[in-house]
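Trainee: Heads up, the sequence shown is in UniProt numbering, so the first residue is 164 and it goes up one at a time.
Just passing along the structure, written as structure tokens.
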Amino acid sequence: DLVIGCAAGVLFSVLIGFFLAGHALVPIRRSWNKQQQFVADASHELRTPTAVILTRTELLFRHPQHTIEEESQNIALILKESKRMGRLIDDLLTLARTDSNQLQIHTAPVPLHLLLQEITEQFELLAEMRSIQIHSQFQPAEIEGDDNRLRQLFIILLDNALKFTPPNGSIKLTCHNSPHSVRVLVKDSGCGISPDDLPHVFERFYRGDKSRSRTEGGTGLGLSIAEWIVLAHKGTIHVTSQEGSGTEFQLIFPKKL
Ligand code: ADP
Numbered sequence: 164d165l166v167i168g169c170a171a172g173v174l175f176s177v178l179i180g181f182f183l184a185g186h187a188l189v190p191i192r193r194s195w196n197k198q199q200q201f202v203a204d205a206s207h208e209l210r211t212p213t214a215v216i217l218t219r220t221e222l223l224f225r226h227p228q229h230t231i232e233e234e235s236q237n238i239a240l241i242l243k244e245s246k247r248m249g250r251l252i253d254d255l256l257t258l259a260r261t262d263s264n265q266l267q268i269h270t271a272p273v274p275l276h277l278l279l280q281e282i283t284e285q286f287e288l289l290a291e292m293r294s295i296q297i298h299s300q301f302q303p304a305e306i307e308g309d310d311n312r313l314r315q316l317f318i319i320l321l322d323n324a325l326k327f328t329p330p331n332g333s334i335k336l337t338c339h340n341s342p343h344s345v346r347v348l349v350k351d352s353g354c355g356i357s358p359d360d361l362p363h364v365f366e367r368f369y370r371g372d373k374s375r376s377r378t379e380g381g382t383g384l385g386l387s388i389a390e391w392i393v394l395a396h397k398g399t400i401h402v403t404s405q406e407g408s409g410t411e412f413q414l415i416f417p418k419k420l
């Protein structure tokens, strides 16, 4: 009886051990799968610009007697795809660093209204060229944050707002100061996001309207980076959108981290 009891005890412990080990491995397996998917998606995204650059360069070599003007279309395409690849690599590096916790924010007091004012001014010429009006209204507000990362965040949001708003549209940027937090709204009168796409826009490589986003040179990584920056500031980011009439991003930052 004693032997059977001991054997049953050992078997039970082994089974429990396997069960616990299996459970403990689930998050590791999930994160491994996520990484695998990230590498596969990244490679897939890099393949397109690489293929365009290669084939267009080969074409140039086929007609060494052609002038630059004659080949301007091919050269322009090579330049465009090289720029796209550069952007993609920058974004991929940023996300890889956030995944391995190598990217940290360096905080200091940031006058958010001044930062937003500067970025708005940077975008004004581009907006004017596309006949889009930018309206801004900033209450003085200071938060504890990383100046460079916050700039990167608002550039991503304004860049998208411009990209997805047709001529004669408008973009509204506001900053509202409360006792413990600051709320920033980035609202555009653009094409909006369909209800099917809306829950996915913060996912890596997700592009709503595939063809348009691709021709606009997007990487599908902007909003993933934007979300990481907001979370690193212990803030929140929400998007609401009406297809055909516009999109609004609402961000709330605590004043102290
Ligand atoms: P992308 O490089 O394609 O802009 P993002 O991660 O920044 O990638 O955005 C993901 C997708 O979310 C975009 O492809 C687009 O479909 C949608 N999106 C983001 N911002 C807007 C906006 N202001 N108006 C309409 N759609 C938007």
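Backbone N, C-alpha and C define an ideal beta-carbon position, used for all residues, glycine too.
Tell me whether the stretch 257-269 and the stretch 232-242 touch, counting them as touching only if at least three CB pairs, one residue from each stretch, are closer than 8 Å.
Mentor: Too few Cβ pairs lie closer than 8 Å, so no.
Trainee: How many Å lie between Thr410 and Met292 at the Cα?
Mentor: Taking the straight line from one Cα to the other gives about 21 Å.
Trainee: Going by DSSP in three states, Ser374 sits in which element: helix, strand or coil?
Mentor: Unreliable placement is indicated for Ser374, whose pLDDT of 48 sits below 50; the coordinate value is still reported in the next sentence. Three-state DSSP puts Ser374 in a helix.
Trainee: From the DSSP output, which residues share a beta bridge with Cys338?
Mentor: Cys338 pairs with Phe301, Val347.
Trainee: Quick check: what's the CA-CA separation for Lys414 versus Leu316?
Mentor: According to the sequence shown, residue 414 is Leu rather than Lys. When rounded, the distance between both Cα atoms is 11 Å.
Trainee: Can you grab the Cα-Cα spacing for the pair Pro212 / Leu183, in whole Å?
Mentor: Each residue's alpha carbon lies about 46 Å from the other.
Trainee: Check whether the stretch 305-323 and the stretch 393-402 are in contact - that is, three or more C-beta pairs closer than 8 Å.
Mentor: The stretch 305-323 vs the stretch 393-402: in contact.
Trainee: So Ala389 and Leu320 are supposed to be a Cβ contact under 8 Å. How far apart are they, rounded?
Mentor: So it is a contact: roughly 6 Å between Cβ atoms.
Trainee: Under DSSP, the beta strand (DSSP E) around Val402 begins and ends at which residues?
Mentor: Counting along the chain, the beta strand (DSSP E) containing Val402 begins and ends at 399-405.
Trainee: Nearer than 7 Å: is that true of the beta carbon of Ile319 relative to any heavy atom of the ligand ADP?
Mentor: Correct: Ile319 has its Cβ closer than 7 Å to the ligand ADP.
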